[in-house]
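Counting from 198, one number per residue, gives the positions in the sequence shown under the working numbering. Only one structure is covered here, and it is reproduced in the block below.
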Amino acid sequence: MLDRYEPVIGLEIHAELLTHSKMFCGCRVVDSVEAAPNTAVCPVCLGMPGMLPVINRRAVEFAMRVALALNCEIQNHNIFARKNYFYPDLPKGYQISQYELPIGRHGWLDIALSDGTTKRIGIRRVHMEEDTGKLTHRDEGSLVDYNRSGVPLLEIVTEPDIRSGEEARAYATRIRQTLRYLGVNSGDMEKGVLRIEPNISIRPRGSEAFGTRIELKNLNSFRALADGTDFELDRQAAVLDGGGKVIQETRGWHDTRRETFSQRAKEEAEDYRYFAEPDLPPLFIDPAWIQTMRATLPELPQAKEARYRIDFGLSPVEATALADDRAVAEWFDAAIGAGGKPKSLANWILNDLFRLLNERGLTISDVPLAPAALVELQSLVDRGTINLTTAREVLAEMLESGRDPTTIIEAGGLGQISDEAALIAIVDQVITDNPGPLTNYLGGKESLLGWFVGQVMRATRGQANPALVNEIARRRLEEKRDTAGS
Ligand code: ADP
Ligand code: ZN
Ligand code: MG
């Protein structure tokens with residue numbers, strides 16, 4: 198289909214904010230899976246008559262952080278609006294949202310594509326609203342849990358700039374990572390705290406006008422986003438090829454059948470009768486507040502990746518892997534600050550450390566491993582105190598006990614033997630014990646030097662400094678030649 202039609206996609210992402218309390222009341226924000234239903238509720242979030250909402254300052258700050266990270270202009274004059282509709286998950290009969298004046302507008306986010314290029318996706322708006330309750334449908338009837346009702350929710354809407362399922366996935370992944378970097382959302386899609394809805398249409402290649410779009414709901418993973426988008430693009434192409442018309446509707450994604458299905462046509466769409474929320478005053482955000490928020494933004498993933506590539510000479514794959522999770526990236530930065538060499542540290546972290554953590558089902562924040570301790574381990578290898586094999590064992594021990602490498606090496610007698618007198622004694626012993634190979638060596642079979650070195654390494658259980666053993670063995674064997682020749 199891609200030869201004839203061009204996909205046009207815009208994404209709406211809903212993200213719950215990790216504040217302690219809800220958007221308009223003092224109720225706690227609780228884990229939707231763990232908390233017992235309807236235990237974090239009050240008259241405000243249950244929509245009782247006469248209740249009055251109060252804006253959560255921290256939710257506004259989180260929204261600002263996201264909007265700033267997405268390069269949006271921040272609206273100084275914010276109005277909340279009532280979005281009216283009747284559904285049992287919405288106890289008030291309306292949702293408080295932002296309509297004409299969202300907190301953030303005209304932003305953008307750069308995404309990295311698999312061919313190595315970067316693409317800029319326009320962000321149309323970022324606005325604040327409140328989440329609804331959660332419905333569970335059973336044979337006997339439906340259950341509703343209002344713990345989620347009133348949880349601060351952010352909606353992030355793109356321009357229709359996305360052109361493939363891959364781009365949609367890259368964008369959504371970057372949004373999730375950015376929200377986690379900002380500490381405003383856990384990114385747990387299976388818990389529903391991050392919900393992605395693509396709007397999808399196609400148009401004949403070369404055509405300027407957009408085709409009719411559908412909106413895809415119920416996507417609970419990045420894979421569902423990519424697969425659902427691809428399915429929908431093919432379906433629409435088949436409709437147009439058959440001489441039909443795409444109808445504007447909301448479609449769902451069937452995760453087991455892996456296909457989309459019609460949920461609600463546009464004609465059935467509600468009229469939300471938006472109007473300014475009379476119970477809330479306008480929210481004025483002064484420039485100084487915006488400045489403070491901007492100043493507290495962390496270094497964002499794109500900036501970290503670029504710094505790792507340009508300043509440290511890491512490959513794009515290494516840079517992306519290290520910047521993926523903020524805790525890992527900051528751990529890596531701290532190790533560099535402690536004098537670590539970037540390329541070798543990246544290897545240690547991405548290969549050895551990640552393998553050890555994966556085997557134990559742990560993250561970097563779970564282990565008592567100080568960044569400076571890994572740098573010390575790295576320099577012990579560089580200085581020849583221990584070899585790589587020993588270093589890997591020492592690292593595992595460091596994860597368990599949090600002890601520093603030097604202590605572990607001394608306690609375990611793991612240090613590489615670089616004491617010349619000790620090594621000479623061992624070399625001499627090996628030569629004395631092996632008169633046959635010695636005769637052959639002296640007879641001209643000089644490749645036997647490697648064999649002697651191997652015997653010494655065995656005798657020291659691999660702890661001898663190989664370069665030094667090599668040098669000593671050659672010297673002692675040549676001295677035998679001199680003695681034999683005289
Ligand atoms: P609504 O509130 O009705 O969903 P919006 O204007 O907020 O409408 O747009 C929702 C999303 O749909 C935005 O991301 C926008 O970029 C995208 N969009 C708009 N028109 C199209 C289209 N023809 N094809 C695909 N996406 C579109
Ligand atoms: Zn409440
Ligand atoms: Mg929509």
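Here a beta-carbon is modelled for each residue, glycine too, at the ideal position from N, C-alpha and C. Remember, predicted model here, so these are calculated numbers, not experimental data.
Burial state of residue i, where buried means 16 or more other Cβ atoms lie within 10 Å
i           : result
residue 282 : exposed
residue 515 : buried
residue 519 : buried
residue 507 : exposed
residue 448 : buried
residue 467 : exposed
residue 433 : buried
residue 328 : buried
residue 284 : exposed
residue 326 : buried
residue 470 : exposed
residue 344 : buried
residue 358 : buried
residue 425 : buried
residue 280 : buried
residue 501 : buried
residue 632 : exposed
Identity of the residues DSSP links to residue i by a beta bridge
i           : result
residue 414 : 449
residue 457 : 450
residue 690 : A question about residue 690 goes unanswered here, because the residues of the chain that appear run from 198 up to 683.
residue 212 : 351, 391
residue 292 : 280
residue 318 : 306
residue 480 : 275
residue 462 : 446
residue 340 : 333
residue 325 : 351
residue 614 : 661
residue 397 : 206, 411
C-alpha gap between residue i and residue j, whole angstroms
i           : j           : result
residue 247 : residue 296 : 24 Å
residue 676 : residue 656 : 22 Å
residue 261 : residue 664 : 59 Å
residue 401 : residue 315 : 25 Å
residue 249 : residue 256 : 17 Å
residue 601 : residue 484 : 48 Å
residue 567 : residue 599 : 8 Å
residue 405 : residue 392 : 30 Å
residue 730 : residue 333 : As shown, the chain starts at 198 and ends at 683. That puts residue 730 outside it, with no answer to give.
residue 561 : residue 338 : 45 Å
residue 273 : residue 300 : 8 Å
residue 496 : residue 277 : 31 Å
residue 287 : residue 307 : 35 Å
residue 439 : residue 407 : 19 Å
residue 320 : residue 302 : 7 Å
residue 623 : residue 653 : 7 Å
residue 382 : residue 208 : 18 Å
residue 239 : residue 441 : 51 Å
C-beta contact flag for residue i and residue j at 8 Å
i           : j           : result
residue 342 : residue 235 : yes
residue 669 : residue 620 : yes
residue 305 : residue 318 : yes
residue 367 : residue 298 : no
residue 251 : residue 237 : no
residue 503 : residue 423 : no
residue 354 : residue 263 : no
residue 340 : residue 490 : no
residue 411 : residue 446 : yes
residue 397 : residue 429 : yes
residue 409 : residue 372 : no
residue 612 : residue 606 : yes
residue 591 : residue 536 : no
residue 417 : residue 394 : no
residue 540 : residue 575 : no
Local conformation of residue i per DSSP, three classes
i           : result
residue 688 : Residue numbering for the chain in the displayed model covers 198 to 683; residue 688 lies beyond these limits and cannot be assessed.
residue 660 : coil
residue 272 : coil
residue 404 : coil
residue 513 : helix
residue 469 : coil
residue 563 : helix
residue 333 : strand
residue 206 : strand
residue 489 : helix
residue 301 : strand
residue 583 : coil
Closer than 8 Å to chain D by CB, residue i
i           : result
residue 599 : Any reference to chain D falls outside this structure, which holds one protein chain only.
Quiz prompt | Residues with C-beta closer than 5 Å to any heavy atom of the ligand NAP, in chain order | solution = Among the ligands present in this structure, namely the ligand ADP, the ligand ZN and the ligand MG, the ligand NAP is not found.
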